[in-house]
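Visitor:
2 protein chains.
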Amino acid sequence: MEPLSLLEPRESFLRVEKVRRAMSDAGFDALLACDFATIYYLAGRVFDGFALISVADDPVWFVKRPVHLGGELVCHIRKPEEIPGWLERFGVAAPSRLGLEMDLCSYSLVERLKSVFPAAECVNASGALRAARSVKTDEELAKVRLSGAKHVGVYSRIPSLYTTGMTDYELQIAIEYLSRKEGCLGQFRISGSSMELFMGNVISGESADAPSPYDFAMGGKGMDPSLPVGASGEEIRPGCTVMVDVNGNFTGYMTDMTRVYSLGTLPKLALDAHQCSIDIHREFRRLAVPGASAKALYEMAEGMARERGFEKYFMGHTQHAGFVGHGVGIEINEQPVIAPRSRDILEAGNVVALEPKFVIPGVGAVGIENTYIIGAAGAECATDAPEEIISLD
Amino acid sequence: MEPLSLLEPRESFLRVEKVRRAMSDAGFDALLACDFATIYYLAGRVFDGFALISVADDPVWFVKRPVHLGGELVCHIRKPEEIPGWLERFGVAAPSRLGLEMDLCSYSLVERLKSVFPAAECVNASGALRAARSVKTDEELAKVRLSGAKHVGVYSRIPSLYTTGMTDYELQIAIEYLSRKEGCLGQFRISGSSMELFMGNVISGESADAPSPYDFAMGGKGMDPSLPVGASGEEIRPGCTVMVDVNGNFTGYMTDMTRVYSLGTLPKLALDAHQCSIDIHREFRRLAVPGASAKALYEMAEGMARERGFEKYFMGHTQHAGFVGHGVGIEINEQPVIAPRSRDILEAGNVVALEPKFVIPGVGAVGIENTYIIGAAGAECATDAPEEIISLD
Numbered sequence: 247m248e249p250l251s252l253l254e255p256r257e258s259f260l261r262v263e264k265v266r267r268a269m270s271d272a273g274f275d276a277l278l279a280c281d282f283a284t285i286y287y288l289a290g291r292v293f294d295g296f297a298l299i300s301v302a303d304d305p306v307w308f309v310k311r312p313v314h315l316g317g318e319l320v321c322h323i324r325k326p327e328e329i330p331g332w333l334e335r336f337g338v339a340a341p342s343r344l345g346l347e348m349d350l351c352s353y354s355l356v357e358r359l360k361s362v363f364p365a366a367e368c369v370n371a372s373g374a375l376r377a378a379r380s381v382k383t384d385e386e387l388a389k390v391r392l393s394g395a396k397h398v399g400v401y402s403r404i405p406s407l408y409t410t411g412m413t414d415y416e417l418q419i420a421i422e423y424l425s426r427k428e429g430c431l432g433q434f435r436i437s438g439s440s441m442e443l444f445m446g447n448v449i450s451g452e453s454a455d456a457p458s459p460y461d462f463a464m465g466g467k468g469m470d471p472s473l474p475v476g477a478s479g480e481e482i483r484p485g486c487t488v489m490v491d492v493n494g495n496f497t498g499y500m501t502d503m504t505r506v507y508s509l510g511t512l513p514k515l516a517l518d519a520h521q522c523s524i525d526i527h528r529e530f531r532r533l534a535v536p537g538a539s540a541k542a543l544y545e546m547a548e549g550m551a552r553e554r555g556f557e558k559y560f561m562g563h564t565q566h567a568g569f570v571g572h573g574v575g576i577e578i579n580e581q582p583v584i585a586p587r588s589r590d591i592l593e594a595g596n597v598v599a600l601e602p603k604f605v606i607p608g609v610g611a612v613g614i615e616n617t618y619i620i621g622a623a624g625a626e627c628a629t630d631a632p633e634e635i636i637s638l639d
Numbered sequence: 247m248e249p250l251s252l253l254e255p256r257e258s259f260l261r262v263e264k265v266r267r268a269m270s271d272a273g274f275d276a277l278l279a280c281d282f283a284t285i286y287y288l289a290g291r292v293f294d295g296f297a298l299i300s301v302a303d304d305p306v307w308f309v310k311r312p313v314h315l316g317g318e319l320v321c322h323i324r325k326p327e328e329i330p331g332w333l334e335r336f337g338v339a340a341p342s343r344l345g346l347e348m349d350l351c352s353y354s355l356v357e358r359l360k361s362v363f364p365a366a367e368c369v370n371a372s373g374a375l376r377a378a379r380s381v382k383t384d385e386e387l388a389k390v391r392l393s394g395a396k397h398v399g400v401y402s403r404i405p406s407l408y409t410t411g412m413t414d415y416e417l418q419i420a421i422e423y424l425s426r427k428e429g430c431l432g433q434f435r436i437s438g439s440s441m442e443l444f445m446g447n448v449i450s451g452e453s454a455d456a457p458s459p460y461d462f463a464m465g466g467k468g469m470d471p472s473l474p475v476g477a478s479g480e481e482i483r484p485g486c487t488v489m490v491d492v493n494g495n496f497t498g499y500m501t502d503m504t505r506v507y508s509l510g511t512l513p514k515l516a517l518d519a520h521q522c523s524i525d526i527h528r529e530f531r532r533l534a535v536p537g538a539s540a541k542a543l544y545e546m547a548e549g550m551a552r553e554r555g556f557e558k559y560f561m562g563h564t565q566h567a568g569f570v571g572h573g574v575g576i577e578i579n580e581q582p583v584i585a586p587r588s589r590d591i592l593e594a595g596n597v598v599a600l601e602p603k604f605v606i607p608g609v610g611a612v613g614i615e616n617t618y619i620i621g622a623a624g625a626e627c628a629t630d631a632p633e634e635i636i637s638l639d
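Right, here's the structure in full:
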C-alpha cells in the first residue's frame with residue numbers, strides 16, 4: 247500500500263482549510279468531490295473516487311481505483327452507495343448541507359449522490375471550490391514558477407525549429423515534440439466543457455481569423471472539422487505572423503504564454519497593435535495588485551486598444567472573445583477572469599494569464615500572453631521572455 | 247456565412263433517422279444535444295451550441311460559437327433561454343418528452359435546460375444516443391478504415407524509432423511526433439470523466455503493473471502524479487516488453503491498436519500469454535457476428551486465458567480491468583462493451599476494439615489490440631498488421 251496523499255501534512259492542511267473556509271462562506275458543512283482536478287488539488291495525485299471534506303472532521307478518502315492506495319481514513323469502494331456506511335464506521339457525522347460539484351459532475355451522477363444522502367440538502371460547491379483554488383499556496387506557486395521557466399526555455403528555441411517553406415502545422419508539431427522532450431506533460435486540463443484542444447495552438451496568417459467554436463481568445467482553423475483549433479496546414483508566408491500559444495504544463499500546474507514570430511516585413515498596423523499589447527501588459531503589471539478589480543483591469547486593456555484605434559481587431563476580428571485574461575493553475579480556465587462583467591477582485595496568490603491579442607486580417611494574430619503571480623509587491627511574471635515580435639528569417 | 251452541416255444531405259438524414267429511431271425506442275419525442283462529440287456526429291463539425299432533433303420536425307441548430315455558420319433552421323443564440331422563442335418562430339412543436347444528455351452534461355446545465363422547457367418532461371437521452379452511435383454509417387466506417395490504415399503505417403515504423411538506451415518516455419514522444427507527422431489529430435476523445443490521457447501509452451517493464459486510476463486496460467505509471475498514465479521514464483531493459491497503445495485519431499474517428507515490442511529474450515510465460523491473446527483474437531473474428539452477445543465474447547476471452555493458466559495476469563496483475571473490448575468511433579469508449587455483465591448484442595456496423603492483454607510481473611505487458619468492423623460476412627480488421635512480438639534489437 248502507498249500513502250494516498252502525496253502532499254506534506256502541512257500543505258494538505260493548508261488546502262483543506264482553504265476549502266473549508268470557502269465552504270463556510272457558501273454555507274455548507276461537507277463537500278463530496280470527485281473531479282480529477284479537485285482530487286489532484288486535495289491529494290497531490292489523481293485517483294478515481296471521492297474526497298469528503300467536512301468542516302468538523304478530517305478528510306475521508308473513498309477510492310475506486312487504483313487499488314494500492316491506503317492510509318488513515320482511506321477506504322476502497324466500488325460505488326458511492328458504500329460511502330454512508332464507511333462514515334458511520336469512522337464516526338464521521340453525516341453531512342447536513344452537502345456540497346457537490348454541480349457545474350462539473352453529470353446530472354446522472356449528482357442525482358445518484360443525492361439519493362446516497364437522502365437526509366442532506368445538496369448544494370452546488372463549484373463556486374466555492376473555484377474560489378478556494380484561485381488563491382494558490384506557496385507550493386503551488388513553486389510549481390507554476392517551474393512550469394514557467396521550462397515554458398520560457400521551449401519558446402527560446404522556437405526560431406531554431408523553423409525551416410524555409412514550413413507550414414504552421416509542421417512548426418506546431420515540432421514545438422510539441424520539443425516541449426515533450428523538455429518534459430511537458432502534454433495534458434491541457436480544462437474545467438467543464440467549453441473547450442477542446444490537443445496541446446496548443448500555432449496560428450499563422452488567415453487562420454487567426456477563423457471563428458472558433460471554443461472559448462479561446464483565438465483558436466485557429468485546425469486540420470479537421472472534428473477539431474477546429476490550431477494550425478491549419480498552410481505554409482507560413484512572408485508578411486504574416488505566427489502566433490505560438492502552446493501548453494505549459496510541466497508540473498501539473500500550467501503557465502500560459504504566447505509569443506509572436508514573423509516572416510518578412512509586417513505592416514505598421516500589426517507592429518503597432520503588438521506594441522499596444524506590450525503596453526497593456528506594462529499597465530497590468532502596475533495595476534494588478536491585491537484588491538484590484540478584474541473588471542477595471544479589463545476596461546483598462548479594452549480602453550487602451552480603443553484609444554489607439556485597434557478595437558475592431560481586439561481579441562479577434564471576425565469573432566471577438568469576451569475576456570482578456572483568466573486564472574490558471576491545474577486548469578487553464580480558473581479564477582479570476584479578466585472580463586467586462588467579472589466581479590472578481592484580485593488576491594495575493596492568484597495566478598493570472600493576460601492575453602491582449604489582436605487579429606490583423608491578411609497578416610495574422612499579434613500580441614503576447616504572460617502568466618502573472620499576483621503578490622503584495624506587484625505582479626511577478628512567471629513567463630518572463632522577450633516580448634517583441636521575433637523574426638524567423 | 248458557411249453552411250452549418252458538413253455532411254451530405256443523405257448522410258445527415260441517415261444519422262438523424264438513426265437517432266430518431268433510438269429516441270422512439272426510448273420513448274421521447276425530442277432531443278436537445280450539446281456535447282461536442284454528439285454535435286460532431288450530427289453536423290460533421292464541432293460547434294458550441296445545441297442541436298434539437300425531434301421526431302416530427304427537421305433538426306434545428308442553435309449556435310453560440312462560431313459566428314460564421316448559417317443555413318436553414320440555423321440560429322445564433324447567446325443562451326439556451328432563447329431556444330423556445332426560435333422554435334415558435336420556426337413553427338416547430340415544443341417538446342413534450344425532452345431527451346437531454348444527462349450522463350454527460352453537468353447537473354447545473356441540465357437544471358437550466360429543464361427550466362427553459364418547464365412544460366416538458368425531461369429524460370436521459372444518453373443511452374439512446376450511445377445506441378444510435380454504436381452502429382456506424384458507411385461514411386463513418388470509411389473514416390475508421392482510413393484511420394486504421396494510417397495507424398498501421400505509424401506502427402510499422404516504430405522499430406526504426408528505437409535507439410539503444412532509450413527510455414519508454416523517449417520512445418513514446420518519438421511515436422507521438424511520428425504520428426503527428428502522419429496526420430494524427432492528437433485529440434483522444436473520451437466520453438464522460440472516467441479517463442484522462444494525453445496521446446497514448448507506451449508501457450515498459452514494471453510500469454505495466456502500476457495500478458491505474460483510470461478505466462484503461464492498463465495505464466502505465468506516468469511521469470507525474472498529476473497524470474499517472476503512460477511512460478514512466480525508465481530505460482527500456484533487455485528481457486522486457488514495450489507495449490504501444492497510441493492514439494489512432496486521423497479522421498475524427500479513432501482506431502485503437504496495440505502491439506508489443508521487446509528487447510532481448512523474453513520468458514516463455516510472456517511469449518505464451520502473447521500467443522493466447524492472438525488466439526483470442528482469432529476466435530473473436532470467428533464469433534463476432536451480428537447477433538453475438540458481448541457477454542459471451544468476454545467469457546470466451548476470459549475462458550481461454552483461464553484454460554491456459556493465465557487468469558492472474560489477464561487484463562492486469564496488481565489491478566484488473568473489467569472488460570476486454572469496447573466500442574470505438576468518435577470516442578474511445580463507445581458501445582458495445584465486451585465485459586462480464588454487458589447486455590450488448592453485436593450489430594453490423596459496430597466498431598469494436600478487442601484488447602486481451604496480460605501483465606507479466608518483471609517483464610511488462612503482452613497481448614495485442616485490434617479494431618474490428620462487425621459485418622454480416624464477419625469481423626473486418628481495421629488495424630491489420632503483424633501480431634507477433636516485434637524485436638527492437
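From first to last, the protein sequence lines are chains C and W.
Under my numbering, the residues of the first sequence are numbered 247 to 639, in order.
Under my numbering, the residues of the second sequence are numbered 247 to 639, in order.
Backbone N, C-alpha and C define an ideal beta-carbon position, used for all residues, glycine too.
#1: Looking at C-alpha atoms only, which residue of C:Ile-419, C:Ile-482, C:Lys-389 is the closest neighbour of Met-412 of chain C?
#2: Which complete beta strand (DSSP E) runs does the stretch 489 to 543 of chain W hold, if anything under 3 residues is left out?
#3: Leaving out five residues before and five after His-520 of chain C in sequence, what residues of the same chain have Cβ atoms less than 7 Å from its Cβ?
#4: Suppose only complete runs of 3+ residues qualify. What are the beta strand (DSSP E) ranges in the stretch 328 to 374 of chain W, listed by chain order?
#5: Considering only the beta carbon of each residue, do Glu-593 of chain W and Pro-513 of chain W sit closer than 8 Å?
#6: With Val-243 of chain W as the anchor, note down where its beta strand (DSSP E) starts and where it stops.
#7: Which of the three DSSP states, helix, strand or coil, is assigned to Tyr-401 of chain W?
#8: Among W:Leu-252, W:Glu-248, W:Met-247, whose alpha-carbon lies nearest the alpha-carbon of Asp-470 of chain C?
#9: Tell me the rounded alpha-carbon separation between Ile-578 of chain C and Met-441 of chain W.
#10: Chain W partners of Gln-433 of chain C, CB-CB under 7 Å?
#11: Does DSSP classify Asp-294 of chain W as helix, strand or coil?
#12: Return the CA-CA distance between Val-292 of chain W and Ala-623 of chain C, expressed in angstroms with no decimal places.
#13: Does Lys-427 of chain C have its Cβ less than 8 Å from a Cβ in chain W?
#14: Mind checking Phe-259 of chain C: buried by the 16 CB within 10 Å criterion, or exposed?
#15: Given this structure, state the Cα-to-Cα distance separating Met-247 of chain C from Leu-315 of chain C, to the nearest angstrom.
#16: Count the other C-beta atoms from every protein chain shown that fall within 10 angstroms of the C-beta of Thr-410 of chain W, then say buried if there are 16 or more, exposed otherwise.
#17: For Ile-576 of chain C and Tyr-287 of chain C, what's the separation of their Cα atoms in angstroms?
#18: Short of 6 Å in beta carbon distance, which residues of its chain neighbour Ile-449 of chain C, apart from the five on each side in sequence? Order them along the chain.
#19: Shorter than 8 Å from the beta carbon of Pro-255 of chain W to some beta carbon of chain C?
#20: Which partner residues does Ala-268 of chain C have in the DSSP bridge list?
#21: Any contact between the stretch 369 to 385 of chain W and the stretch 375 to 395 of chain C? By contact I mean 3 or more CB pairs, one from each, below 8 Å.
#22: Cβ atoms of Pro-457 of chain W and Arg-324 of chain C: under 8 Å apart, would you say?
#23: Determine, for Asn-370 of chain C, whether the minimum Cβ-Cβ distance to residues of chain W falls below 8 Å.
#24: Return yes when the Cβ of Gly-571 of chain C is within less than 8 Å of the Cβ of Pro-586 of chain C, no when it is not.
#25: Can you name, in chain order, every residue of its own chain whose Cβ lies under 8 Å from the Cβ of Gly-498 of chain C, other than the five neighbours on each side?
#26: Who pairs with Thr-564 of chain W in a beta bridge, going by DSSP?
#27: List the endpoints of the continuous beta strand (DSSP E) containing Ile-619 of chain C.
#28: How is Leu-473 of chain C classed by DSSP in three states: helix, strand or coil?
#29: For Ile-419 of chain W, return the contacting residues in chain C, with the cut-off set at a CB-CB distance below 7 Å.
#30: Classify Gly-337 of chain C as buried or exposed, calling it buried when 16 or more other Cβ atoms lie within 10 Å of its own Cβ.
#31: Is Asp-630 of chain W near Leu-509 of chain W, with beta carbons less than 8 Å apart?
#32: Does DSSP put Ala-279 of chain W in a helix, in a strand, or in coil?
#33: Can you name the residues of chain W whose CB is closer than 7 Å to the CB of Pro-459 of chain C?
#34: Establish whether the CB of Asp-525 of chain W and some CB of chain C are separated by less than 8 Å.
#35: The stretch 548 to 577 of chain W: which residues have C-beta closer than 7 Å to a C-beta of chain C, in chain order?
#36: Helix, strand or coil, according to DSSP, for Thr-383 of chain C in the structure here?
Guide: Inspection of the coordinates gives the following:
#1: Comparing alpha carbon positions, the residue from C:Ile-419, C:Ile-482, C:Lys-389 closest to Met-412 of chain C is C:Ile-482.
#2: As for any beta strand (DSSP E) of minimum length 3 sitting wholly inside the stretch 489 to 543 of chain W, the runs are 505 to 508, ordered along the chain.
#3: Excluding its 5 nearest sequence neighbours in each direction, His-520 of chain C has C-beta neighbours in its own chain below 7 Å: Val-506, Val-612, Gly-613, Ile-635, listed in chain order.
#4: Counting whole runs of 3 or more residues, the stretch 328 to 374 of chain W contains the beta strand (DSSP E) stretches 343 to 346, 367 to 370.
#5: A distance of 8 Å or more separates the beta carbons of Glu-593 of chain W and Pro-513 of chain W.
#6: What the structure shows of chain W is the stretch from 247 to 639, and residue 243 of chain W is not part of that stretch, so it cannot be assessed.
#7: Collapsing the DSSP output to three states places Tyr-401 of chain W in a helix.
#8: The candidate whose alpha carbon is nearest that of Asp-470 of chain C is W:Leu-252.
#9: Answer to the nearest angstrom: the Cα atoms are 18 Å apart.
#10: Simply Glu-442, Phe-444, Leu-473.
#11: Looking at Asp-294 of chain W - three-state DSSP - the assignment turns out to be strand.
#12: Taking the straight line joining both Cα atoms gives about 44 Å.
#13: Interface residue, yes.
#14: Phe-259 of chain C is classed as exposed because its beta carbon has fewer than 16 other beta carbons within 10 Å across all chains shown.
#15: In this structure, the alpha-carbon of Met-247 of chain C lies about 5 Å from that of Leu-315 of chain C.
#16: Classification of Thr-410 of chain W: exposed, given that the 10 Å Cβ count is below 16.
#17: Taking the straight line from one Cα to the other gives about 8 Å.
#18: Cβ within range, chain order: Gly-466, Met-489, Ala-611.
#19: Not an interface residue.
#20: BP columns for Ala-268 of chain C are empty, so no partner.
#21: Flag = no, the stretch 369 to 385 of chain W and the stretch 375 to 395 of chain C do not touch.
#22: The Cβ atoms of Arg-324 of chain C and Pro-457 of chain W do not sit closer than 8 Å to each other.
#23: It does: the Cβ of Asn-370 of chain C has a partner Cβ on chain W nearer than 8 Å.
#24: Gly-571 of chain C is positioned such that its CB atom lies no closer than 8 Å to that of Pro-586 of chain C.
#25: Same-chain partners within the cutoff: Tyr-286, Lys-389, Leu-431, Ile-576.
#26: Paired residue(s): none; Thr-564 of chain W is not in a bridge.
#27: Unbroken beta strand (DSSP E) run through Ile-619 of chain C: 616 to 621.
#28: In the three-state DSSP reduction, Leu-473 of chain C falls in the strand class (E or B).
#29: Going along chain C in sequence order, the residues near Ile-419 of chain W (Cβ under 7 Å) are Tyr-423, Arg-426, Lys-427.
#30: Residue environment: Gly-337 of chain C is assigned as exposed (fewer than 16 neighbouring CB atoms within 10 Å of its CB, all protein chains considered).
#31: Cβ atoms of Asp-630 of chain W and Leu-509 of chain W: not closer than 8 Å.
#32: Look at Ala-279 of chain W here: in three-state DSSP terms it is strand.
#33: Under a criterion of Cβ atoms nearer than 7 Å, the residues of chain W adjacent to Pro-459 of chain C are, in order, Val-292, Phe-293, Asp-294, Arg-311, Pro-312.
#34: Closer than 8 Å: no.
#35: Per Cβ criterion, the list reads Thr-564, Gln-565.
#36: Note: Thr-383 of chain C maps to coil in three-state DSSP.
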